[in-house]
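If you read the sequence shown in the numbering used here, its first letter stands for residue 71, the second for the next number, and so on.
Ideal Cβ positions, reconstructed from N, Cα and C, are used throughout, including at glycine.
Just so it is clear, the structure is predicted and the values come from calculations on it, not from any experiment.
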Amino acid sequence: MKDKQAHMLILEVIRMKKIFTIILFCLVIKGVVAKEAEEAEIELGLATIYSDNGIESSNEFYPYISYSNDNFYFEGTSFGFSMTEGTWKDKFDYETSAFISYELNGFEQSEELASLGLEEPNHSIDLGGQIDIVSPFGGISLSVQRDISNTYDGNQATFSLGVSLEGESWSFVPFVSFDYYSKEFVDYYYYGNQGTLQLPPENQSYKAEATVNKSIGYLVDYELSKRWSIAHSLQYGLNGSSIKSSPLSDGNKFTEVQFVISYIF
């Protein structure tokens, strides 16, 4: 695997921002946004995702489709384009980009929510920017985004680090991530007493605050052939104090396990 491809794989891994978002699977396509690609690529795949967020657990299958060229990409529910890129002191590659994403935060209506008389929260449309820095030793990413759909009317941010270990047809990428959620985000999705969606009066003592989730994980990617690849990822983390103290949460830990098989046209 070429150094540039390794760098782009790190960027894709550290772009993994939301535990419950289908666009997490942008990380499994190491060739999709590689800048040295001579032509646009389309990729189709099938993914299975198991997640347990402390409120509910699920195991789902999803189709995956992506398209990219040298200037922009479409992956899952996210569209982004490169703004600037370059090299600093011949050691660090950097890229800045902007994106708009349909965020699949929140929870499906369940018996637990229904028993509390709660509505199912809506998904949001977010606009954001990101900077990625990659060295021979690993990658750093910082992204910031804002709800523009008047759903939760708040912000999110992610700071991540990843390192790529690789062989002729495989790669292993461990990473750490810190995800910031504004008070408005937590208030809406975890039913704080100031949010649009609220707990019943007898349970309104919960007051949401801004919080930070911390997680570690890894991605394993294996090329079956020139066109076929499979990937597996795992992410395990701790919810921030404000999410952990939500009456809906029965624990402070979250887990997500993903498998995907994909074909590049």
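Exercise. Taking three-plus beta-carbon pairs below 8 Å as touching, is the stretch 164-174 in contact with the stretch 133-148?
Worked result: yes
For this session: Return the chain-ordered ranges of every alpha helix (DSSP H) run that is complete within the stretch 203-262 and spans a minimum of 4 residues.
Result: 253-259
Problem set entry | Residue closest to F242, alpha-carbon to alpha-carbon, out of Y288, I119, K161, F142 | Y288
For this session: Just confirm the distance between the C-beta atoms of G291 and S299, as a whole number of angstroms; I'd bet it's less than 8 Å.
Result: The residue asked about is misnamed: residue 291 is Asp in this sequence, not Gly. Yes, they are in contact, since the Cβ atoms of D291 and S299 sit about 6 Å apart, within 8 Å.
Exercise. Any idea what DSSP makes of K161, helix, strand or coil?
Worked result: coil
Exercise. Taking the C-alpha atoms as reference points, what is the distance between Q328 and N123?
Worked result: Cα to Cα, the separation comes out at about 14 Å.
Exercise. With burial defined as no fewer than 16 other Cβ atoms inside 10 Å of the residue's Cβ, what is the status of K47: buried or exposed?
Worked result: This structure gives no information on residue 47, because the portion of the chain shown stretches from 71 to 335.
Exercise. Does DSSP put K314 in a helix, a strand or coil?
Worked result: DSSP places K314 within a helical segment (H, G or I) once states are collapsed to three.
Exercise. What does a CB cutoff of less than 7 Å around L294 pick up in its chain, not counting 5 residues either side in sequence?
Worked result: I300
Exercise. Looking at C-beta atoms only, is the number of pairs between the stretch 216-231 and the stretch 255-263 that lie closer than 8 Å three or more?
Worked result: yes
Exercise. If we ignore side chains and look at the alpha-carbon of each, how far apart do T221 and G310 end up?
Worked result: 21 Å
Problem set entry | Exposure label - L318; buried when at least 16 CB within 10 Å | buried
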